[in-house]
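When the letters of the sequence shown are read in order and numbered with this note's numbering, they come out as residues 3 to 525.
In what follows, a single structure is set out as structure tokens and then discussed.
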Amino acid sequence: MKSDIYSHPNDTLQAYKKAVGYMSELRAGKDFSALASRVSDDTFTKENGGYVGYITSLLMPLEYEHAVYNGKVCEIVGPVSTKHGYFIIKILNSRKSLGQRRASIITLYPNEKNEEEWQKIKLEADSLYNCLHAGCDFDSLAQRKNKSRELLKSKGDIGWFDNSINYHYLMKEAIFQLDSIGAITKPIKMSYGYIICKLTGINDSLPSFLETQKVVQKIMMHDETRSNWKEREAIRRYKKQYQHTILHKNLEDFITQVDNSILLGKWEKPTFTNNKELVKFANNTYLFSDFAAYLEKNQKHNKFPEKDKLIRYRFEQYIERILIYEVFQHITIENEELQMLSQEYHHGMVMYELMQKEVYKKAFEDSVGLYEYYNNNIDSYMNPESVSLSYFYCETEKIRKKTQKLLSQRPLKHETDSLIISTINKKNTNNVRVQQYHIFKGENNTIDALTWKAGNVIQLDSLTLVYINNSYDPIPKPFNEVKNTITTQYQNILEQNLIEYLQEKYPVTLFENVLQELSTYYE
3 MKSDIYSHPN
13 DTLQAYKKAV
23 GYMSELRAGK
33 DFSALASRVS
43 DDTFTKENGG
53 YVGYITSLLM
63 PLEYEHAVYN
73 GKVCEIVGPV
83 STKHGYFIIK
93 ILNSRKSLGQ
103 RRASIITLYP
113 NEKNEEEWQK
123 IKLEADSLYN
133 CLHAGCDFDS
143 LAQRKNKSRE
153 LLKSKGDIGW
163 FDNSINYHYL
173 MKEAIFQLDS
183 IGAITKPIKM
193 SYGYIICKLT
203 GINDSLPSFL
213 ETQKVVQKIM
223 MHDETRSNWK
233 EREAIRRYKK
243 QYQHTILHKN
253 LEDFITQVDN
263 SILLGKWEKP
273 TFTNNKELVK
283 FANNTYLFSD
293 FAAYLEKNQK
303 HNKFPEKDKL
313 IRYRFEQYIE
323 RILIYEVFQH
333 ITIENEELQM
343 LSQEYHHGMV
353 MYELMQKEVY
363 KKAFEDSVGL
373 YEYYNNNIDS
383 YMNPESVSLS
393 YFYCETEKIR
403 KKTQKLLSQR
413 PLKHETDSLI
423 ISTINKKNTN
433 NVRVQQYHIF
443 KGENNTIDAL
453 TWKAGNVIQL
463 DSLTLVYINN
473 SYDPIPKPFN
483 EVKNTITTQY
493 QNILEQNLIE
503 YLQEKYPVTL
513 FENVLQELST
523 YYE
């Protein structure tokens, strides 16, 4: 029985009463097929006495599927309520999955759907069937006869399928009845023409979950009866848990006070002269003005071109929002574990805000305090002893000896490295190279082992000389060089000060005897 759940309550009630009446007739012995042919609103199955064929999961609306899979063979179940109306279902049989089949088809269409054209196309289908049995090539005929671009391209191949594919039951059952690859069905009359099918593959097992996972996910995401099943199940429980009363007459009155501008998204909430109640909970009542405020923010919807249905749809959403609000109002009271978790979270957030304000931000923003901390602890930020030296890399031992002699004459002569280089490299610029370094104690073991006395000339190897320019005592590192380290340490000081302040202001008493009891209990 077709019935939109967002239609006027009288219409949905009438459809429900009709469905209940038909169930009574069936229980009294009325023939199901005859009744379905006479009263069903489902044009797809009405002509066949309501026959649907074999179905499997994820093929029908979720409510329909639940009713069928919870029923027994020969049982009549219903009325099953869905968004689109009420179903009455007779379960004829059940069977295990037949696995998968692959097939190719030839489709023949009548030019016009009159008796004469149907007769012509039947004769053509019979002729093709006889030709195929006589040895004609199926693929060639499929390419000649099929009009669909996809079927022409694939030579009629429709790929692998199982019973979950939404093909017509007449075609599926005919293909499943074929017992060998290459077998051909007799012409099958469909609503659009005749088809002939050829079995091209058999797989008696179903595909693995990994193979079908994407298909299942797609159905679960896009099927409106399944996509939000967790939320809908939660709402169903909330409705039982938080009893409420909807004043349906007042809702219908509310609908009359909304004009069609809502379909354009331009409706504005009016001032109600009689601000009636719409929903009553134990501790809360929601009025016209409350729902109107929600409706003003949530107006048009492409699925609802009619004002009345749109408002009832939005009202259902509004009730769900209220239920969720009611749940959150009571959840920490009714759930002790969640209450403790919520309290812990709240305390954590308070502590986080305190730490942000009194520690982390303060350490970055209090530049005066940070610099003062640096000066007060400057001995902790000292560079070690260091030395300034020059490396001389000589081309030959003769050049090394000459360079060493010139270096030993300092500071009276050749005061700078560049003077020595210019003197020795007059004829050959590659005779000697020099590189200056400033090295701290601990950075280089070789340099650490030398005597750091200004003017010392040390031969490291046959071609390398080191000249000690100067040595330096430990000095404080510049503020900017150690700022990050100081900031972290300053934060630690601020944090410790904050904890001490809080402990003093909010003293904690620890009952050692109780703690000991708990410790013994959990051993």
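Think of the CB as a built atom: it goes at the ideal place given N, C-alpha and C, for glycine as much as any other residue.
Bear in mind the structure is a predicted one, so any value in this text is a computation, not a measurement.
Problem set entry | Integer-rounded CB distance, given that Ser166 should sit under 8 Å from Leu61 | The sequence position of residue 61 within the sequence shown is 59, counting from 1. The sequence position of residue 166 within the sequence shown is 164, counting from 1. Their Cβ separation, rounded to whole angstroms, is 6 Å, which keeps Leu61 and Ser166 in contact under 8 Å.
Problem set entry | CA-to-CA distance, Thr425 to Tyr439, given in whole angstroms | In the sequence shown, the residue the question calls residue 439 occupies position 437. In the sequence shown, the residue the question calls residue 425 occupies position 423. Approximately 22 Å between the Cα atoms of the pair.
Exercise. Taking the alpha-carbon positions, what's the Arg314 to His86 distance?
Worked result: On the sequence shown, position 312 is the one that residue 314 refers to. On the sequence shown, position 84 is the one that residue 86 refers to. C-alpha separation (whole angstroms): 15 Å.
Problem set entry | Per-residue burial, Ser5 [other beta carbons within 10 Å of its own, 16 or more giving buried] | As a working note, residue 5 is residue 3 in the sequence shown. It counts as buried.
Exercise. How long is the line joining the alpha carbons of Tyr288 and Leu172, rounded to whole angstroms?
Worked result: Mapped onto the sequence shown, residue 288 falls at position 286. Mapped onto the sequence shown, residue 172 falls at position 170. Their Cα atoms are separated by approximately 53 Å.
Problem set entry | Cα-Cα separation between Ser100 and Asp181, rounded to whole angstroms | Start at 1 with the first residue of the sequence shown, and residue 100 comes out as number 98. Start at 1 with the first residue of the sequence shown, and residue 181 comes out as number 179. Correcting the residue identity first, residue 100 is Leu in this sequence and not Ser. Each residue's Cα considered, the two are about 12 Å apart.
For this session: Consult DSSP for Ile160 and reduce its assignment to one of helix, strand or coil.
Result: On the sequence shown, position 158 is the one that residue 160 refers to. Ile160 falls in the strand class under three-state DSSP.
Problem set entry | Minimum C-alpha distance to Leu312 - residue among Pro272, Thr258, His349, Gly371 | What you label residue 312 is simply residue 310 of the sequence shown in a count that begins at 1. Considering only alpha carbons, the answer is Thr258.
Exercise. Taking C-beta to C-beta, are Lys241 and Leu325 nearer than 8 Å?
Worked result: For this step, residue 241 is matched to residue 239 along the sequence shown. For this step, residue 325 is matched to residue 323 along the sequence shown. Their beta carbons are under 8 Å apart, which means Lys241 touches Leu325 by this criterion.
Exercise. Got a sec: is the Cβ-Cβ distance from Gln498 to anything in chain B below 8 Å?
Worked result: Although the question refers to chain B, the structure presented lacks it and comprises just one protein chain.
Exercise. Looking only at C-alpha atoms, which of Gln505, Arg402, Asp159 sits nearest to Asp463?
Worked result: Here residue 463 corresponds to residue number 461 of the sequence shown, with the count starting at 1. The shortest C-alpha separation from Asp463 is found at Arg402.
For this session: For the alpha helix (DSSP H) containing Ser5, list its first residue and its last residue.
Result: Residue mapping note: residue 5 aligns to position 3 of the sequence shown, counting from 1. From DSSP, Ser5 is part of no alpha helix (DSSP H); its letter is neither H nor E.
For this session: Would you mind stating whether Tyr469 and Leu409 have Cβ atoms separated by less than 8 Å?
Result: Numbered from 1 along the sequence shown, position 467 holds the residue referred to as residue 469. Numbered from 1 along the sequence shown, position 407 holds the residue referred to as residue 409. In contact: Tyr469 and Leu409 (Cβ atoms closer than 8 Å).
Exercise. Among residues of its own chain, excluding the 5 on either side of Asp292, which ones have a beta-carbon nearer than 8 Å to its beta-carbon?
Worked result: Here residue 292 refers to the residue found at position 290 when the sequence shown is read from its first residue. Excluding residues within five positions, the ones whose Cβ falls inside 8 Å are Leu280.
Exercise. Thinking just about the alpha-carbon of each residue, which of Ile248, Glu308, Ile237, Glu226 is nearest to the one in Ile264?
Worked result: Within the sequence shown, residue 264 is the residue found at index 262, counting from 1. Cα-wise, what sits closest to Ile264 is Glu308.
Problem set entry | Expected contact under 8 Å - CB spacing of Val41 and Tyr24 to nearest Å | To locate residue 41, count along the sequence shown from 1; it is residue 39. To locate residue 24, count along the sequence shown from 1; it is residue 22. Taking 8 Å as the upper bound for CB-CB distance, Val41 and Tyr24 are in contact here, some 6 Å apart.
Exercise. For Gly203, which of helix, strand or coil comes out of DSSP?
Worked result: Along the sequence shown, read from residue 1 onward, the residue named residue 203 stands at position 201. Residue state, collapsed to three classes: strand.
For this session: Report yes or no: do three or more beta-carbon pairs, one from the stretch 217-234 and one from the stretch 243-256, lie closer than 8 Å?
Result: no
For this session: To the nearest angstrom, report how far apart Ala365 and Glu502 are at their CA atoms.
Result: Looking up residue 365 in the sequence shown gives position 363. Looking up residue 502 in the sequence shown gives position 500. So the alpha carbons of these two residues sit roughly 18 Å apart.
Exercise. Is the stretch 483-494 in contact with the stretch 353-373, if contact means three or more CB pairs nearer than 8 Å?
Worked result: Yes, the stretch 483-494 touches the stretch 353-373.
Exercise. By Cβ distance below 6 Å, which residues in the same chain neighbour Tyr56 in space, the five residues on each side in sequence not counted?
Worked result: Translated into positions along the sequence shown, residue 56 becomes position 54. Contacts found: Asn165.
Exercise. Roughly how many whole angstroms lie between the Cα atoms of Trp162 and Ser106?
Worked result: The sequence position of residue 162 within the sequence shown is 160, counting from 1. The sequence position of residue 106 within the sequence shown is 104, counting from 1. Their backbone Cα atoms lie some 10 Å apart in a straight line.
For this session: Can you grab the Cα-Cα spacing for the pair Glu65 / Gln505, in whole Å?
Result: Within the sequence shown, residue 65 is the residue found at index 63, counting from 1. Within the sequence shown, residue 505 is the residue found at index 503, counting from 1. Using only the alpha carbons, I get a separation of about 59 Å.
Problem set entry | Simplified DSSP state of Ser26, which is helix, strand or coil | The count along the sequence shown starts at 1 and reaches residue 26 at position 24. If DSSP states are grouped into helix, strand and coil, Ser26 belongs with the helices.
Exercise. So the beta strand (DSSP E) His68 belongs to, where does it begin and stop?
Worked result: Counting from 1 along the sequence shown, the entry for residue 68 is found at position 66. Element bounds for His68: not the beta strand (DSSP E) but the alpha helix (DSSP H), 64-71.
Exercise. Apart from the five residues on each side of it in sequence, which residues of its chain come closer than 6 Å, Cβ to Cβ, to Gln215?
Worked result: Position 213 of the sequence shown, counted from the start, is the residue given in the question as residue 215. None.
Problem set entry | Identity of the residue in Pro81, His135, Val484, Ala236 nearest Tyr376 by Cα | To locate residue 376, count along the sequence shown from 1; it is residue 374. Closest option to Tyr376, Cα to Cα, is Val484.
For this session: Using alpha carbons as the reference points, say which of Asn285, Ala295, Asn286 lies closest to Phe274.
Result: The residue given as residue 274 occupies position 272 in the sequence shown. The shortest Cα separation from Phe274 among Asn285, Ala295, Asn286 belongs to Ala295.
Exercise. So, do the stretch 383-401 and the stretch 474-488 have three or more beta carbon pairs nearer to each other than 8 Å?
Worked result: yes
Exercise. From Thr202, Lys115, Ile488, Phe442, pick the residue whose C-alpha is nearest to that of Tyr369; which is it?
Worked result: Counting from one through the sequence shown, the residue named residue 369 turns up at place 367. Here residue 369 is Ser; the residue named in the question, Tyr, does not match the sequence. Measuring from the Cα of Ser369, the nearest candidate turns out to be Ile488.
Exercise. CB-CB under 7 Å to Gln145, same chain, minus the five flanking residues each way: which ones, in chain order?
Worked result: Your numbering for residue 145 matches position 143 in the sequence shown. Within its own chain, the residues whose Cβ lies closer than 7 Å to the Cβ of Gln145, once the five positions on either side in sequence are excluded, are Leu154, Lys157, listed in chain order.
Exercise. Enumerated in chain order, which unbroken segments of the alpha helix (DSSP H) with a length of 4 residues or greater are wholly contained in the stretch 150-198?
Worked result: 151-155, 171-179
Exercise. Name the DSSP bridge partner or partners of Ala105?
Worked result: The residue given as residue 105 occupies position 103 in the sequence shown. DSSP lists Gly161, Leu201 as partners of Ala105.
Problem set entry | Expected contact under 8 Å - CB spacing of Lys174 and Gly184 to nearest Å | By one-based count along the sequence shown, residue 174 stands at place 172. By one-based count along the sequence shown, residue 184 stands at place 182. 19 Å between Cβ atoms; not a contact.
Exercise. Which word fits Cys542, buried or exposed, when buried means at least 16 other C-beta atoms lie within 10 angstroms of its C-beta?
Worked result: Since the first and last residues shown for the chain are 3 and 525, residue 542 lies out of range.
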